[in-house]
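Asks:
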Amino acid sequence: MADNRTTTQILQEMLEVPGIKAILIVGKDGFVIEAAGAFGKTDLDNVGASVATVILGTDKMSEELKIQAFNSLTFEAADAMIICVPIGDALLVLLAPDNKTLGMIRLQVKKVVPALEKFF
Numbered sequence: 039m040a041d042n043r044t045t046t047q048i049l050q051e052m053l054e055v056p057g058i059k060a061i062l063i064v065g066k067d068g069f070v071i072e073a074a075g076a077f078g079k080t081d082l083d084n085v086g087a088s089v090a091t092v093i094l095g096t097d098k099m100s101e102e103l104k105i106q107a108f109n110s111l112t113f114e115a116a117d118a119m120i121i122c123v124p125i126g127d128a129l130l131v132l133l134a135p136d137n138k139t140l141g142m143i144r145l146q147v148k149k150v151v152p153a154l155e156k157f158f
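Here the sequence shown stands for residues 39 to 158, where the numbers follow our numbering.
Given below as structure tokens:
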């Protein structure tokens, strides 16, 4: 069965997963390609640039250690989690308020990455 969903439709479906508050698709150059969810007054351009900077550092670290590039990267804070997953030449960035549904979020990410990679 063909998957004819758009990136917008995929992101909206992901927002229905308990625990996902907001989602970004960021180019590896730091530009925000698409956003969905509740960001409030957050400057998404700064978030995109910050994510790209962290990923660039992670990629350089992988090269130095002679290991493969990352499959996913999770940051945990007292009041939030940020999950970054490469999708082709872009990054899927998810924001969750805590880690209570991390397993469910990761399962959903595995399901949608192939569909999103078609676009990037």
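Each residue gets a CB set at the ideal place from its N, CA and C atoms; glycine is no exception. Given the structure is predicted, the values throughout are model-derived calculations rather than measurements.
Do you know how far the Cα of LYS104 is from the Cα of ILE61?
Replies: ILE61 and LYS104: Cα-Cα distance of roughly 31 Å.
Asks: Do MET142 and VAL89 count as a contact pair if the criterion is CB distance below 8 Å?
Replies: no
Asks: Span of the beta strand (DSSP E) holding ILE63?
Replies: Looking at the DSSP string, the run of the beta strand (DSSP E) that includes ILE63 is 60-65.
Asks: I need the straight-line Cα distance from VAL131 to VAL123, nearest angstrom please.
Replies: Going by the C-alpha atoms only, they are around 7 Å apart.
Asks: For ASP117 and ALA153, I'd like the C-alpha separation in whole angstroms.
Replies: A straight-line Cα-Cα distance of about 30 Å links ASP117 and ALA153.
Asks: So for PRO152, helix, strand or coil by DSSP?
Replies: helix
Asks: Kindly list the residues whose CB is nearer than 6 Å to the CB of SER110, restricted to its own chain and excluding five residues on each side of it in sequence; keep chain order.
Replies: Taking C-beta separations shorter than 6 Å and ignoring five residues to either side along the sequence, the partners of SER110 in its chain run VAL123, following chain order.
Asks: What's the call for THR91, buried or exposed, on a 16-neighbour Cβ count within 10 Å?
Replies: exposed
Asks: ILE48 and ALA134 - do their beta-carbons sit closer together than 8 Å?
Replies: Pairing ALA134 with ILE48 gives a Cβ-Cβ distance that is not under 8 Å.
Asks: For my contact list, ALA128 and PHE158 are in at a C-beta cut-off of 8 Å; report their separation, rounded to the angstrom.
Replies: 4 Å
Asks: For VAL92, report the span of its alpha helix (DSSP H) as first-last.
Replies: 82-103
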